[in-house]
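J.: First, the structure itself, so that you have it in front of you.
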Amino acid sequence: MNRDVAVTGIGLVTPAGVGADATWDGLCSGRSFAATDPALSGLPVDFSCAAGDFDACAHLPRRTVRRTDPFIHLALTAAQQAAADARLTPGAADPDRIGVVLGVGSNSLLGYPSVSRRLDTGEHHLISPLALARSVPSMAAGEVAAHLDCRGPNFTVASACASGGHALGVARDLIRSGTCDLVLAGGSESGRAPLSAISFTRMGALSRRRHDPAGASRPFDRDRDGFVLGEGAAVMVLERPGHAHARGATVHAVIAGYGASADAHHPTSPHPDGRGLRHAIGTALADARLGTTDVDHISAHGTSTPVGDVIEARTLRDTFTAGPPPVTALKSSLGHALGAAAAIQVACAVLTLRHQAVPPTVNVDHQDEAVDLDIVTKVPRQRRIRTVMTTSCGFGGANAVFVLRTP
Amino acid sequence: MQLTCEEVIEALARGTGMREEELIPETRLADVELDSLMLAEFATVLAVQHGVRVAEVIDPTEATTIGDIVTAVVEQARAGGAHAGAAAQEAHGTQGRQGRQRTPTGVASQGSAP
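Protein sequences, first through last, are from chains B and S. Under this note's numbering, residues 1 to 407 are what the first sequence spells out, in order. Under this note's numbering, residues 1001 to 1114 are what the second sequence spells out, in order.
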């Protein structure tokens, strides 16, 4: 029995642009999309990677935009793209057997300060009745289902910055088990709410390179000092390869392996030995029935934090005993889209398989001596790529690893 | 407190995300799928922007027309449904039309307002 699950549709909205092609071109341009962000004006860290080209009203009904928060706009737009890419037209499949599983890292925090002020002053009648409905994570999957008539399983996975990965993993299993014929899966998040920014700033997680936003996200570089907040969404259509062929859909790539694990260590710091990530890598490779030497490229979590990058690099070096394949870190270019980031990595891994090229890691001017990896820098690297691994980690010690292959 | 029909229509458009030209007096709520949640949001917009409490005079049943709502709100405001004061001043000062911010995705921010 073929255990692989096919990716037949891709939708992407990122700081590099709206759509898979725009995102790919942006990644390969070798630039960072970080810039001063008016939404964060006055805060200690006032820059981010915003999806600046994205106008929700250009893609969605105005009424939908009015009653939902940006993470839902991003998810809906990416889902529409994915459905179109997969030729998922009405009647193409039984709606009862189409699921939606999305990863969202946290509630949208955009409106909470206003609600909090109203609570403090007792002006309860001025609190929007939509305050909750527009911001709870499950609404992204719910809105996608309503717009695309997907009546199968519908829920949201929350595991911080690994959310989108775990959503894809659960979706993969819904296909493998025969529960669904198709699942739209991925992640969405807009981390640019001031409450989110100040929380990460107080935590010491963000880069403070205000004088040089474009140089702030620099995974594996010796001068890195934290990550850059981003936003975006990636949604993919998953189905069995046979199902895809039967309905004439194009298989872009297959998910051959998936591994999930916990560090079981600390709320925010990865285990110093990388034991959780190592476990997830081993599980994903075993699931794919492949060895480390079969992996042609790794799309790393690589957030640009001083501690996290070194632990990840050491873990990859120790796990891939014959030497890790070329590594890149997309967050150098796109920033950190939190709950969407893992799904964006997977979607871009599919694009890497399509284009047979590894996008560069931006801003690696002086690779950290503690990072003994072949980091792809400056320009894309063309090479034969049949198998890609993605690694993603989240607060709480959650890890999600994927192995993707050409069809 | 006086509210003009134009002001009510503007608030209705803002509260529901509909275009003002879609808000025709004869149109029934059922025809444009306006539900009670969106009408409650409209009432909150009126409270924030104009200091008027109108929630109790809005009939959310399907047969109600846009014209019914506008008339009811204008009459309620005239009859003393206004609660002008700090709320309205704050609305105009920080959350009103002039002060409306743009969200990260370029859409008029309603996540933080009203």
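Just so it is clear, CB atoms sit at the ideal spot from N, CA and C, and this is done for glycine as well.
Would you tell me roughly how many angstroms separate the C-alpha atoms of B/Gly17 and S/Pro1060, rounded to the nearest one?
T.: As a position in the first sequence, residue 17 of chain B is number 17, starting the count at 1. As a position in the second sequence, residue 1060 of chain S is number 60, starting the count at 1. Spanning the two alpha carbons is a distance of roughly 40 angstroms.
J.: Report the start-end ranges of each beta strand (DSSP E) in the stretch 38-90 of chain B that is 3 residues or longer and not cut off at the edges.
T.: 47-49
J.: Starting from B/Ala262, follow the alpha helix (DSSP H) in both directions and report where the run begins and ends.
T.: In the first sequence, the residue the question calls residue 262 of chain B occupies position 262. That residue, B/Ala262, is in no alpha helix (DSSP H); its beta strand (DSSP E) goes Ala253 to Ala262.
J.: Identify every run of the alpha helix (DSSP H) within the stretch 187-215 of chain B, keeping only runs that are complete inside it and at least 4 residues long; order them along the chain.
T.: 194-203
J.: Please decide whether S/Glu1010 counts as near chain B, where near means a Cβ-Cβ distance under 9 angstroms.
T.: Here the question's residue 1010 of chain S lines up with position 10 in the second sequence. No, S/Glu1010 does not count as interfacial toward chain B.
J.: Going straight from the alpha carbon of B/Arg289 to that of B/Gly191, what length do you get?
T.: Here the question's residue 289 of chain B lines up with position 289 in the first sequence. Here the question's residue 191 of chain B lines up with position 191 in the first sequence. Near 36 angstroms, if we compare the C-alpha coordinates of B/Gly191 and B/Arg289.
J.: Which residues in chain B sit within 7 angstroms of S/Gly1017, going by Cβ to Cβ distance?
T.: Along the second sequence, one-based indexing puts residue 1017 of chain S at 17. Those are Arg62, Arg63, Val65, Arg66 and Arg67, listed as they occur along chain B.
J.: Report the three-state DSSP secondary structure of B/His125 (helix, strand or coil).
T.: Along the first sequence, one-based indexing puts residue 125 of chain B at 125. Correct three-state label for B/His125: helix.
J.: Please classify B/Val307 as buried or exposed, where buried requires at least 16 other C-beta atoms within 10 Å of its C-beta.
T.: On the first sequence, position 307 is the one that residue 307 of chain B refers to. Exposed, by the Cβ-count rule.
J.: Kindly list, in the order they appear in chain B, the residues whose Cβ is closer than 9 angstroms to that of S/Leu1037.
T.: One-based indexing of the second sequence puts residue 1037 of chain S at position 37. Chain B residues near S/Leu1037: Arg67, Pro129, Leu130 and Ala133.
J.: Should S/Gln1049 be labelled buried (16 or more other beta-carbon atoms within 10 Å of its own) or exposed?
T.: Taking the second sequence and counting its residues from 1, one reaches residue 1049 of chain S at position 49. The residue in question, S/Gln1049, is buried, as its Cβ has 16 or more Cβ neighbours within 10 Å.
J.: Would you grab the beta carbon distance between B/Gly99 and B/Ala343 for me? Rounded to a whole angstrom, and I think it's under 8 angstroms.
T.: Stepping through the first sequence from its first residue, residue 99 of chain B is reached at position 99. Stepping through the first sequence from its first residue, residue 343 of chain B is reached at position 343. The Cβ separation is near 15 angstroms, so there is no contact.
J.: Looking only at its own chain, which residues have a Cβ that is under 7 angstroms from the Cβ of B/Gln382, when we skip the five neighbours before and after it?
T.: Here residue 382 of chain B corresponds to residue number 382 of the first sequence, with the count starting at 1. Closer than 7 angstroms at Cβ, skipping near neighbours: Gln356 and Ala357.
J.: Quick one: what's B/Phe13 bridged to in DSSP?
T.: Position 13 of the first sequence, counted from the first residue, corresponds to residue 13 of chain B. The residue you asked about is not Phe; residue 13 of chain B is Val in the sequence shown. DSSP, once it has assigned bridges, lists B/Val18 and B/Ala233 as partnering B/Val13.
J.: Tell me where the beta strand (DSSP E) around B/Ala400 begins and ends.
T.: Looking up residue 400 of chain B in the first sequence gives position 400. Per DSSP, B/Ala400 belongs to the beta strand (DSSP E) from Ala398 to Arg405.
J.: Between S/Arg1028 and chain B, is there a C-beta pair that is closer than 9 angstroms?
T.: The sequence position of residue 1028 of chain S within the second sequence is 28, counting from 1. Cβ-Cβ to chain B under 9 angstroms: no for S/Arg1028.
J.: Just how far apart, CA to CA, sit B/Leu334 and B/Ala400?
T.: One-based indexing of the first sequence puts residue 334 of chain B at position 334. One-based indexing of the first sequence puts residue 400 of chain B at position 400. About 19 angstroms.
J.: Measure from the alpha carbon of B/Met236 to the alpha carbon of each residue in B/Gly230, B/Arg317 and B/Leu351, then state which is nearest.
T.: What you label residue 236 of chain B is simply residue 236 of the first sequence in a count that begins at 1. Measuring from the Cα of B/Met236, the nearest candidate turns out to be B/Leu351.
J.: When the Cβ atoms of the stretch 6-17 of chain B are set against those of the stretch 74-88 of chain B, are three or more pairs found closer than 8 angstroms?
T.: Three or more beta-carbon pairs separated by less than 8 angstroms link the stretch 6-17 of chain B to the stretch 74-88 of chain B, which places the two stretches in contact.
J.: Kindly list, in the order they appear in chain B, the residues whose Cβ is closer than 9 angstroms to that of S/Glu1041.
T.: One-based indexing of the second sequence puts residue 1041 of chain S at position 41. The answer, in chain order, is Arg66, Arg67, Ser128, Pro129 and Leu130.
J.: Among B/Met139, B/Gly397 and B/His301, which one has its Cα closest to the Cα of B/Ile375?
T.: Along the first sequence, one-based indexing puts residue 375 of chain B at 375. It is B/His301 whose Cα lies nearest to the Cα of B/Ile375.
J.: For B/Phe155 and B/Ser138, which I take to be in contact (beta-carbon distance under 8 angstroms), what is that distance rounded to the nearest angstrom?
T.: Position 155 of the first sequence, counting from 1, holds the residue named residue 155 of chain B. Position 138 of the first sequence, counting from 1, holds the residue named residue 138 of chain B. Sure, about 7 angstroms apart at Cβ, within 8 angstroms.
J.: If I follow the unbroken alpha helix (DSSP H) through B/Ser163, where does it start and stop?
T.: For the purposes of this step, residue 163 of chain B is identified with residue 163 of the first sequence, where counting begins at 1. Here the alpha helix (DSSP H) through B/Ser163 covers Ser163 to Arg176.
J.: Apart from the five residues just before and just after B/Phe200, which ones in its own chain have a Cβ nearer than 6 angstroms to its Cβ?
T.: Within the first sequence, numbered from 1, the residue matching residue 200 of chain B stands at position 200. Excluding sequence neighbours, B/Phe200 sits near Leu206.
J.: How is B/Cys393 classed by DSSP in three states: helix, strand or coil?
T.: Mapped onto the first sequence, residue 393 of chain B falls at position 393. It is a strand residue.
J.: Leaving aside the five residues before and after B/Gly230 along the sequence, list all residues of the same chain whose C-beta is less than 7 angstroms from its C-beta, in chain order.
T.: For the purposes of this step, residue 230 of chain B is identified with residue 230 of the first sequence, where counting begins at 1. For B/Gly230, where only same-chain residues beyond five positions count, the Cβ hits under 7 angstroms are Pro15, Ser48, Cys49, Gly191, Leu334, Gly335, His336 and Ala337.
J.: Are the stretch 168-182 of chain B and the stretch 22-36 of chain B in contact at 8 angstroms, needing three or more beta carbon pairs?
T.: no
J.: Check the Cβ of S/Arg1053 against every Cβ in chain B and list those closer than 9 angstroms, keeping chain order.
T.: Locating residue 1053 of chain S in the second sequence gives position 53, counting from the first residue. What S/Arg1053 touches in chain B: His125.
J.: Please state if the CB of B/Ile298 and the CB of B/His409 are separated by a distance shorter than 9 angstroms.
T.: Chain B is shown only over 1 to 407; residue 409 of chain B falls outside these bounds and no answer can be derived.
J.: Return helix, strand or coil for B/Glu239, following the three-state DSSP convention.
T.: Start at 1 with the first residue of the first sequence, and residue 239 of chain B comes out as number 239. Strand at B/Glu239.
J.: Per the DSSP calculation, S/Ala1011 is bridged to which residue(s)?
T.: Translated into the one-based positions of the second sequence, residue 1011 of chain S becomes position 11. S/Ala1011 pairs with nothing; no bridge assigned.
J.: Rounded to whole angstroms, how far is the Cβ of B/Ser332 from the Cβ of B/Ser32, which I believe are closer than 8 angstroms?
T.: Taking the first sequence and counting its residues from 1, the one referred to as residue 332 of chain B is at position 332. Taking the first sequence and counting its residues from 1, the one referred to as residue 32 of chain B is at position 32. That pair is a contact at about 7 angstroms.
J.: Go ahead and pull the three-state DSSP assignment for S/Leu1003.
T.: Numbered from 1 along the second sequence, position 3 holds the residue referred to as residue 1003 of chain S. In this structure, S/Leu1003 counts as coil in the three-state DSSP scheme.
J.: Report the rounded CA-to-CA distance for B/Ala260 versus B/Tyr112, giving the unit in angstroms.
T.: Along the first sequence, one-based indexing puts residue 260 of chain B at 260. Along the first sequence, one-based indexing puts residue 112 of chain B at 112. Put simply, the backbone Cα of B/Ala260 is about 32 angstroms away from that of B/Tyr112.
J.: Is it buried or exposed for B/Gln345, if we count other Cβ within 10 angstroms and need 16 for buried?
T.: Start at 1 with the first residue of the first sequence, and residue 345 of chain B comes out as number 345. With 16 or more Cβ atoms within 10 Å of its Cβ, B/Gln345 is classed as buried.
J.: Grab me the residues of B/Ala233's own chain with a C-beta within less than 6 angstroms of its C-beta, minus the 5 sequence neighbours each way, in chain order.
T.: Residue numbering aside, residue 233 of chain B sits at position 233 when the first sequence is read from its first letter. Closer than 6 angstroms at the Cβ level, and outside the excluded window around B/Ala233, lie Val13, Leu74, Ala75, Ala78, Ser188 and Ala340.
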